[in-house]
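Quick notes on the structure that follows.
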Amino acid sequence: MPTDAIRKPLREHLASQGQLQPGQHVGLMLDRFLPQHDDEHTGAKQLYKLAQQTEVSPVYKSAFSRWRQCLQRLEGVRLFTATAASPIAVGLGNESVLEVGLTVHRTYGVPLIPGSALKGLCRRGALRLRGEGKLTDEQFRVLFGYSDDNGRASAGYIVFWDAWYDPESVQGKPFHRDTITVHHADYYTSRGQAYPTDFDDPNPVPFLVVRPGARFLFAVQSPDDGWGAFAQNLLQWCLQNLGVGAKTNAGYGYFTLDEGKVDTSPAKAAPSAKPIPVDTSADIWQNVIVNYNPGQRVLQVQRTIEGRSEGASADAQRTQQLLSTLPEAARQKLTQGKRRLLADVQIEVSGNRKLIVKITPRE
Numbered sequence: 030m031p032t033d034a035i036r037k038p039l040r041e042h043l044a045s046q047g048q049l050q051p052g053q054h055v056g057l058m059l060d061r062f063l064p065q066h067d068d069e070h071t072g073a074k075q076l077y078k079l080a081q082q083t084e085v086s087p088v089y090k091s092a093f094s095r096w097r098q099c100l101q102r103l104e105g106v107r108l109f110t111a112t113a114a115s116p117i118a119v120g121l122g123n124e125s126v127l128e129v130g131l132t133v134h135r136t137y138g139v140p141l142i143p144g145s146a147l148k149g150l151c152r153r154g155a156l157r158l159r160g161e162g163k164l165t166d167e168q169f170r171v172l173f174g175y176s177d178d179n180g181r182a183s184a185g186y187i188v189f190w191d192a193w194y195d196p197e198s199v200q201g202k203p204f205h206r207d208t209i210t211v212h213h214a215d216y217y218t219s220r221g222q223a224y225p226t227d228f229d230d231p232n233p234v235p236f237l238v239v240r241p242g243a244r245f246l247f248a249v250q251s252p253d254d255g256w257g258a259f260a261q262n263l264l265q266w267c268l269q270n271l272g273v274g275a276k277t278n279a280g281y282g283y284f285t286l287d288e289g290k291v292d293t294s295p296a297k298a299a300p301s302a303k304p305i306p307v308d309t310s311a312d313i314w315q316n317v318i319v320n321y322n323p324g325q326r327v328l329q330v331q332r333t334i335e336g337r338s339e340g341a342s343a344d345a346q347r348t349q350q351l352l353s354t355l356p357e358a359a360r361q362k363l364t365q366g367k368r369r370l371l372a373d374v375q376i377e378v379s380g381n382r383k384l385i386v387k388i389t390p391r392e
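Be aware that the sequence shown starts at 30, since it is given in this note's numbering, and climbs by one per residue.
In structure tokens:
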């Protein structure tokens, strides 16, 4: 037997008041005010309409002001605002009586972009930069932390704070009803047993999003100013070019920066990983042969211990850094001669990979 979301006396009281009125907490309204029997979905449609009409409360406006002031007092915090250029749908997979969710502030019932979503967005952008050779593995670990199979771990050095909705934008009414229309429902539910046809009945599914034009306050924090600037540029670039939340391939989740402050190439601001040490355990491989691969422009090293062979490498960007630290004779031997060098090599373990950190020639 289903459990009522609202106790019977309260439901009867609400029914006696006639139609529901726009409330102050949209999240509570969506979770609790849906009628138990709603074959025609009239109750859901009414809730969506009320959500669009609901204006943020004076309490939230005060809370937003305090939140901004609190962030401004914290050391190492960088603030910026961005405006939604398209609908924002963060948390569509959240559990909801309406089947399609949306992330809202638990206390105030207004749209919220969790810091975890922003960190995941930046990680996606950083993976792209790393694949293009614009971000080293060490820089990636500084940004997001790491853990390996040996129990070694380190937290990332960047804090991504939740992004709060600015109540002064879109007249304080941030919610908007959108629709997904499934044109071939039988085809999808039958797992391919029923063929899609041109005369299938479309099935529109309404859901709630954040309306375009809504402005959000973003904040990143770092103990190092260089890393803080890079994280801010990376987040700004990702918000404009990758989008946050669900349905980004359909154009949802994109932002424009207020006052036009954006670095179109975040990799330019990538600092050296040296100012912030990464907690790793290093190993020294002595008297090993370092090889240079001119095609891929990477350094590689192999060794055999107790009949077991293992290798380590450096990506193209790290290889150039390592070569620049070598004496001229050793560098020429690697890049122009036999492309082999006898050396002691410092190795760093990252997950299942072994990375070359330092080369000390023995020749």
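In this text, a Cβ means the ideal position worked out from N, Cα and C, and glycines have one as well.
Problem set entry | Anticipated Cβ contact below 8 Å, V330 with V319, distance rounded | 5 Å
For this session: On a CA-only basis, which of A258, P116 and L246 is nearest A92? Give me that one, please.
Result: L246
For this session: Please look up how many angstroms separate the CB atoms of G120 and W190, rounded, as I've assumed it's under 8 Å.
Result: Going by Cβ atoms, the distance from G120 to W190 rounds to 17 Å, so no, they are not a contact pair.
Problem set entry | Cross-strand partners of P203 (DSSP beta bridge) | Answer is none; P203 lacks a bridge partner.
Exercise. Taking Cβ to Cβ, would you say I385 is nearer than 9 Å to V378?
Worked result: no
Exercise. Are the beta-carbon atoms belonging to H205 and V171 less than 9 Å from one another?
Worked result: no
For this session: Report yes or no: do the region 79 to 94 and the region 249 to 268 share at least 3 C-beta pairs separated by less than 8 Å?
Result: no
Exercise. CA-CA distance, Y224 and N278?
Worked result: 26 Å
Problem set entry | Range covered by the beta strand (DSSP E) that runs through G340 | R337 to A343
For this session: Taking R347 and E339 to be in contact with their CB atoms under 8 Å, please state how far apart those CB atoms are, rounded to whole angstroms.
Result: The Cβ separation is near 19 Å, so there is no contact.
Exercise. In terms of residues, what are the limits of the alpha helix (DSSP H) holding P87?
Worked result: P87 to R102
Exercise. Between the beta-carbon of L76 and the beta-carbon of V273, is there less than 9 Å?
Worked result: no
Problem set entry | Extent of the continuous beta strand (DSSP E) run through A248 | R244 to Q250
For this session: Rounded to whole angstroms, what's the CA-CA distance from Q101 to P140? Just pull it up for me.
Result: 21 Å
For this session: Determine the burial state of K148: buried for a count of at least 16 other Cβ atoms within 10 Å of its Cβ, exposed for fewer.
Result: buried
Exercise. Do you know offhand how far R244's Cα is from D177's?
Worked result: 39 Å
Exercise. I think F169 touches R159, with their Cβ atoms under 8 Å apart; what is that distance to the nearest whole Å?
Worked result: 6 Å
Exercise. How would you call A345, buried or exposed, if buried means at least 16 neighbouring beta carbons within 10 angstroms?
Worked result: exposed
Problem set entry | Cβ separation of G257 and R152, assumed to be a contact under 8 Å, to the nearest whole Å | Not quite, the Cβ-Cβ distance comes to about 17 Å (not below 8 Å), so this is no contact.
Exercise. If you drop the 5 nearest sequence neighbours on each side, which residues of the same chain put their C-beta closer than 6 Å to that of L363?
Worked result: Y321 and L370
Exercise. Hey, how far is the Cα of A182 from the Cα of G162?
Worked result: 24 Å
Exercise. Excluding sequence positions up to five away, which residues of its chain have a Cβ less than 8 Å from the Cβ of Q325?
Worked result: A345
Problem set entry | Where V463 falls, given that 16 or more other Cβ within 10 Å makes a residue buried | Since the first residue shown for the chain is 30 and the last is 392, residue 463 is missing from the structure and cannot be characterised.
Problem set entry | Coarse secondary structure for K290, derived from DSSP in three states | Reliability fails at K290, whose pLDDT of 45 lies under 50, so the model's placement of it is uncertain and the value that follows must be treated cautiously. Looking at K290 - three-state DSSP - the assignment turns out to be coil, as it is neither helix nor strand.
Problem set entry | Helix, strand or coil at L328 according to DSSP, with G and I counted as helix | strand
Exercise. In angstroms, rounded to a whole number, what distance separates the CA positions of L271 and P356?
Worked result: 43 Å
Problem set entry | Candidates P203, R382 and D166: closest to A341 by CA position | R382
For this session: Return the chain-ordered list of same chain residues with a C-beta closer than 6 Å to the C-beta of L131, the five sequence neighbours on each side being excluded.
Result: G120 and L237
Exercise. On the three-state DSSP scale, how would you describe R107?
Worked result: strand
Exercise. Does DSSP put E377 in a helix, in a strand, or in coil?
Worked result: strand
Exercise. Just checking my contact of D227 with T112 at CB under 8 Å: how many whole Å lie between their CB atoms?
Worked result: Between T112 and D227 the Cβ distance is about 40 Å, and since that is not below 8 Å, they are no contact.
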